[in-house]
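One structure below.
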Amino acid sequence: MERETTLTSKVFFHKNESGLAGTVQMGKTLYEELGGEARLRQIIDVFIDRVFEDRMIGFFFRNANRQRLKEMEFQLTAQFLGADIEYRGKPLDEVHAKHPIMGGQFARRLQILRETLETFQVPEAIHDAWIAHTESLRPLITKDQGSDCDPLLAREKARGAT
Numbered sequence: 003m004e005r006e007t008t009l010t011s012k013v014f015f016h017k018n019e020s021g022l023a024g025t026v027q028m029g030k031t032l033y034e035e036l037g038g039e040a041r042l043r044q045i046i047d048v049f050i051d052r053v054f055e056d057r058m059i060g061f062f063f064r065n066a067n068r069q070r071l072k073e074m075e076f077q078l079t080a081q082f083l084g085a086d087i088e089y090r091g092k093p094l095d096e097v098h099a100k101h102p103i104m105g106g107q108f109a110r111r112l113q114i115l116r117e118t119l120e121t122f123q124v125p126e127a128i129h130d131a132w133i134a135h136t137e138s139l140r141p142l143i144t145k146d147q148g149s150d151c152d153p154l155l156a157r158e159k160a161r162g163a164t
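Note that this note's numbering has the sequence shown beginning at 3, numbered continuously upward.
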């Protein structure tokens, strides 16, 4: 399968067969620059807690295993940031296909991520790379590429998919 590579600053993004992006950077990885496992787990824990408790998108997670989601998010993000950690979850498009996620809901999760990264004062280069990486995953999460959130349309799409 063809790989797509782009350069942002000193960070290379590679889209691979699973739709995940790997990162290669000269010198330290973004994972190391962030502070490694302990720091990333702190950020992910707070981020996922905020997502679960959010009034706009938290309902998507009411039946989800919070600890498992934290672990999957950690693996996915650690791999993207350059850690030698393998994402062992299901393909993102497969996991999200059964949920009628609207573009606005995707945007809400992205905003929660931005706020969490700011809370933890994540360095700008890592912040920007993380946000860009998350945006690159949008087609795997939602077919609604805009940022509108129309619950009636989402319900109709969900009925049509079953």
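Yeah, the Cβ is synthetic: ideal placement off N, Cα and C, and Gly gets one too.
query, result
"Which of helix, strand or coil DSSP assigns to V26", "With a pLDDT of 48 at V26, under the threshold of 50, the predicted position of this residue should be treated as unreliable, and no value is reported."
"Endpoints, the alpha helix (DSSP H) within which G91 is located", "Looking at the DSSP string, G91 is not in any alpha helix (DSSP H), and its letter there is neither H nor E."
"Proximity below 8 Å, CB of T136 to CB of G84", "no"
"Residue closest to I114, alpha-carbon to alpha-carbon, out of F54, Y33 and G37", "F54"
"Bounding residues of the alpha helix (DSSP H) (the contiguous stretch that carries T79)", "R68 to F82"
"Nonlocal neighbours in the same chain, by C-beta distance under 8 Å from F63, ignoring five residues either side", "V53, F54 and L71"
"For N67 and R90, the rounded distance between their alpha carbons", "16 Å"
"Contact the region 40-52 vs the region 121-135: 3+ CB pairs below 8 Å", "yes"
"Where I103 sits in the DSSP three-state scheme", "coil"
"Among R140, Q44, G106 and A131, the one whose alpha carbon lies nearest that of D95", "R140"
"Length of the line joining the Cα atoms of Q2 and E35", "Only positions 3 to 164 of the chain appear in this structure, which leaves residue 2 out of reach."
"Local Cβ density within 10 Å of V26, reported as buried at 16 or more and exposed below that", "For V26, the predicted model reports a pLDDT of 48, less than 50, meaning its position is unreliable and no value from the coordinates is stated."
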